[in-house]
Amino acid sequence: MALTLNKAIHYILVTGISGVFLFTLAAAMGWVNQGDFALPLLLLAAGLTLLRETDAGYEKARH
Numbered sequence: 127m128a129l130t131l132n133k134a135i136h137y138i139l140v141t142g143i144s145g146v147f148l149f150t151l152a153a154a155m156g157w158v159n160q161g162d163f164a165l166p167l168l169l170l171a172a173g174l175t176l177l178r179e180t181d182a183g184y185e186k187a188r189h
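The number in the numbering used here is simply the position in the sequence shown, starting from 1, with 126 added.
1. Just to confirm, is the Cβ distance from residue 176 to residue 141 under 9 Å?
2. Taking the CB atoms as reference points, tell me whether residue 164 and residue 138 lie closer together than 9 Å.
3. How is residue 159 classed by DSSP in three states: helix, strand or coil?
4. For residue 147, does the count of other Cβ atoms within 10 angstroms reach 16, so buried, or fall short, so exposed?
5. Please report how far the alpha carbon of residue 149 lies from the alpha carbon of residue 167, in whole angstroms.
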């Protein structure tokens with residue numbers, strides 16, 4: 127369970143980070159509007175939150 131959860135969090139983070147990068151590049155080229163940043167930022171925030179929560183859960187399990 128933990129291994130699959132870690133993989134899912136990893137993929138969410140990678141998708142969020144690459145999405146922010148690609149949307150930044152596309153905005154610089156003038157292909158997208160500033161409002162289109164919502165989805166990659168939401169994925170990145172969700173991934174970071176999940177990562178923090180699972181790390182806290184692992185710390186509690188160790189002690």
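Glycine residues also receive a C-beta, built at the ideal position from the N, C-alpha and C atoms.
So, from the data block:
1. no
2. no
3. coil
4. exposed
5. 10 Å
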